[in-house]
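These notes are about the structure you will find just below.
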Amino acid sequence: MSKTGNLSHSRRVALIWLISAFCFFALFKMALYNSSQTPLDSPNSNTERRSKLYDKMGRDLDEHGAAFLKQGETSQSLSLSDIFTLKDGSVTPVLKPANPPVRANVLYLSTEFSVPIAEAVKNIFDPYFDKAIWFQNSSLYHFSMFHASHHIVPVPATKEEIEAEASSVEAIAATLCPLKIVLDRVVLTSTGVLLGCWQVMSGTDPITIRAKLKNVLPRAPKKQLYDVAILHTSFARLLGPPTASSSTERLKTSNDAHFFHELVNRLNSQIRGFEAVVSELWYVEEYDVLALALNGRMKTRKFRLGCSRE
Ligand SMILES: *[C@@H]1O[C@H](CO)[C@@H](O)[C@H](O)[C@H]1NC(C)=O
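Oh and the sequence shown: position 93 is 374 in my numbering, straight run, nothing missing.
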């Protein structure tokens with residue numbers, strides 16, 4: 282072969298390589314783009330989805346005003362005046378039997394993590410709200426995942442059916458990996474619920490957990506109570522306006538909304554970024570409406586997240 286032939290041959294080879302590399306790169310970019318379109322498997326898009334949701338929840342108070350000051354509704358469409366009463370000067374939940382009992386699947390936050398949060402919440406809010414606040418029991422901090430039955434769409438079940446549901450949930454728990462989570466922010470909703478909104482650093486994403494539970498609980502209400510991506514826990518419920526005191530007056534310079542934001546900001550500056558590990562899934566039969574939130578009657582089955590292969 283001549284020298285020039287050799288040269289043009291190697292040029293051709295180089296050109297083919299270049300074209301191949303370009304095609305590969307283009308396909309690779311397309312694959313990347315497509316994967317970002319499917320939120321189910323991509324941790325980044327789950328995180329983004331939660332951030333957007335939390336942004337929206339953070340705006341709720343400004344957009345809808347403090348509805349709890351005029352007897353608002355809770356996130357579960359129950360009027361607050363229905364669930365609390367002032368008895369001997371202290372706030373007492375009004376427990377109402379749930380018929381049939383609500384069957385909730387929740388992730389549980391152990392007291393190792395909940396107690397320090399509860400203390401910070403109490404320190405900041407208690408001085409200003411006196412009786413007009415209900416604190417979530419720190420032994421029962423939880424993240425609502427999926428309801429097998431709720432009060433809006435009750436799904437009655439026999440004892441046997443309940444046992445079967447519980448074992449299905451236990452089997453799912455065995456496949457879930459403990460979640461390392463971080464407190465993204467605290468928000469106060471227009472209904473007066475002080476919520477911790479969390480992000481997932483590692484472990485099984487709530488989107489996957491809910492999908493798996495839905496799969497083994499086919500009779501569950503189609504319409505669930507929360508967004509599939511959300512990972513939130515309720516810290517407290519404000520029931521009315523702050524009590525007047527010299528310190529309140531000092532803070533209440535302009536209006537209530539400003540005052541509420543100020544308190545939430547204080548709490549955020551203390552506990553935002555707080556890290557925790559979640560390692561239990563609970564199947565809870567709530568015999569009273571909102572039993573987990575109001576210290577009502579319930580039966581809990583506790584399952585450790587096993588992280589085993591399916
Ligand atoms: C908080 O929950 C724990 C565990 O269920 C319970 O033992 C305790 O009595 C509750 N506290 C209140 C004040 O109801």
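Even glycine gets a Cβ: it sits at the ideal position worked out from N, Cα and C.
Keep in mind the model is a prediction, meaning the values are calculated, not measured.
{"query": "Three-way DSSP call (helix, strand, coil) for Y314 in this model", "result": "Bear in mind that the predicted position of Y314 carries a pLDDT of just 44, short of 50, making it unreliable; the figure below should be weighed with that in mind. Of the three classes helix, strand and coil, the one that applies to Y314 here is helix, per DSSP."}
{"query": "Option in S419, S420, P459 with minimal Cα separation from S589", "result": "P459"}
{"query": "Helix, strand or coil at T373 according to DSSP, with G and I counted as helix", "result": "strand"}
{"query": "Shell residues, 6 Å Cβ cut-off relative to heavy atoms of ligand 1", "result": "N418, S420, L421, N576"}
{"query": "Rounded distance between the beta-carbons of T485 and L506, thought under 8 Å", "result": "So it is not a contact: roughly 20 Å between Cβ atoms."}
{"query": "Beta-carbon proximity list for G521, same chain, < 6 Å, skipping 5 on both sides", "result": "A413"}
{"query": "G484, DSSP secondary structure in three states", "result": "coil"}
{"query": "Three CB pairs or more closer than 8 Å across the region 341–351 and the region 460–479", "result": "yes"}
{"query": "Between the CA atoms of H513 and N386 - distance to the nearest angstrom", "result": "14 Å"}
{"query": "Minimum C-alpha distance to A517 - residue among F365, N496, D343", "result": "F365"}
{"query": "Among V481, G577, E566, D363, the one whose alpha carbon lies nearest that of T328", "result": "V481"}
{"query": "D537, DSSP secondary structure in three states", "result": "helix"}
{"query": "Neighbour-count burial assignment, D363, 16 or more Cβ in a 10 Å radius", "result": "exposed"}
{"query": "Coil, strand or helix - T319 by DSSP", "result": "Unreliable positioning characterises T319 in this predicted model, as indicated by a pLDDT of 45, which lies under 50. The coordinate reading is nonetheless provided below. T319 falls in the coil class under three-state DSSP."}
{"query": "Alpha helix (DSSP H) runs contained entirely in the region 370–430, provided each spans 4 or more residues", "result": "392–410"}
{"query": "Proximity winner among P381, Y564, S430, Y568, relative to K583 (alpha-carbon distances)", "result": "Y564"}
{"query": "Three-state secondary structure assigned by DSSP to F662", "result": "The shown model of the chain, from 282 to 591, leaves out residue 662, and the question about it has no answer."}
{"query": "Whole-number beta carbon distance between R585 and S560, since they are thought to touch under 8 Å", "result": "6 Å"}
{"query": "Where Y335 falls: helix, strand or coil (DSSP)", "result": "helix"}
{"query": "Proximity to G370 [Cα-Cα], best of F410, G577, T581, T489", "result": "F410"}
{"query": "Per DSSP, the bridge partner or partners of V583", "result": "Looking at the sequence itself, residue 583 is Lys, so the reference to Val does not match. Answer is W563, bridged to K583."}
{"query": "Local conformation of S589 per DSSP, three classes", "result": "coil"}
{"query": "Cβ shell of G554 (< 8 Å), same chain only, five flanking positions each side left out", "result": "V463, L464"}
{"query": "Pick from M579, K580, V570, L469 that is closest to E543, judged by C-alpha positions", "result": "L469"}
{"query": "Candidates P487, I490, C478, of which the one nearest I552 by Cα", "result": "C478"}
{"query": "G593 - partner residues in DSSP beta bridges", "result": "Lying before the first or after the last residue shown, residue 593 is absent from the chain, which here runs from 282 to 591."}
{"query": "Reduced DSSP category for I462 - H, G, I as helix; E, B as strand; rest coil", "result": "strand"}
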